[in-house]
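So for the sequence shown, our numbering puts the first residue at 18; every next one is plus one. Just so you know, even glycine gets a beta-carbon here, dropped at the ideal spot from N, CA and C. In this text, all values refer to a predicted model and were calculated from it rather than measured experimentally. Below you'll find the structure, written out as structure tokens, and then a few comments.
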Amino acid sequence: MGRRAQAGAARAGGGVVTFDWPAIEEALNTAGCARVPGVLSAAECAALAGLYPREALFRSRVVMARHGFGQGEYQYFAYPLPDLVATLRETMYGPLAAIANRWQAALDLPVRFPARHAEFLARCHDAGQARPTPLLLQYQAGDYNCLHQDLYGEHVFPLQAAFLLSRPGADFSGGEFVLTEQRPRMQSRVEVVPLGLGDCVIFPVHHRPVNGTRGIYRVNMKHGVSRVRSGWRHTLGVIFHDAQ
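So, in structure tokens, the structure goes:
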């Protein structure tokens, strides 16, 4: 999947972030995830990873071992979000909301998502979910992230994105992004997504529709990161609902 501009969004720092949304939707429907190469430049990746020590930018820090989440740590950004993070979250939301609404209809679920992210955030905030959820994750050798779902309250947007900010084979080794799909009355399916510097992966938060012999059914999804074998790995996570 390349950088063909089916839809584009101006970056805060200049240039255009482009996504082939029809191809992304096809990949999500068939494979359960969509990899978009080279969304962020090397300079943007370095700048975002370099924010990690700046405590004033974040609302909380989580050391995963303390909670049984794995090993490593992450920090949730505070509002206002850094410009590039805010731009990605705002401009990706609209096309993803259209996909999410088609998924909701396919699964016969009543909730629909507004076209504008501000309207969806207002829904979250009215329900007491007012804490921002975009985050930076930091791993070193031996660290990993257990399979999980990023659910923070009643209102959940069904899709999210992660951006790799480190260079595999140079900055770190190991640390593969992993998805599992728990299918009814079947063994779970595993998907390992190879990411390069600046690549984005879009994937379900908790479930997705799948076409079966008897129609559409829902499968449960979880994601995580395998053990980092050497070096340091940084990731930007973009979640579209806020937390309680």
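- Excluding the 5 residues flanking it on each side, Arg71 has no same chain C-beta neighbour closer than 7 Å.
- Between Phe189 and Ser247, the CB-CB gap stays under 8 Å.
- Measuring C-alpha to C-alpha distances from Leu45 to each of Asp259, Pro99, Val222 and Gly232 identifies Val222 as the nearest.
- Per DSSP, the unbroken beta strand (DSSP E) holding Met238 starts and ends at Gly232 to Val242.
- Look at Cys217 here: in three-state DSSP terms it is strand.
- Excluding its 5 nearest sequence neighbours in each direction, Trp120 has C-beta neighbours in its own chain below 7 Å: Pro175, Arg225 and Pro226, listed in chain order.
- Judged by DSSP secondary structure, Cys163 falls within the beta strand (DSSP E) whose first and last residues are Tyr161 to His165.
- In this structure, the beta-carbon distance from Tyr96 to Ser77 does not fall below 8 Å.
- In this structure, Asp216 keeps its C-beta atom at 8 Å or more from the C-beta atom of Leu138.
- For the pair His134 and Tyr110, the CB atoms are nearer than the 8 Å cut-off.
- As for any alpha helix (DSSP H) of minimum length 4 sitting wholly inside the segment 93 to 162, the runs are 100 to 123 and 134 to 143, ordered along the chain.
- For Leu74, the three-state secondary structure derived from DSSP is helix.
- Straight through space, the alpha carbons of Leu214 and Arg235 are spaced by roughly 32 Å.
- For Gly89, the number of other beta carbons within 10 angstroms of its own is at least 16, and it is reported as buried.
- For the 8 Å CB-CB criterion, Gly49 and Leu196 form a contact.
- Taking the Cα positions, Ala147 is about 25 Å away from Val218.
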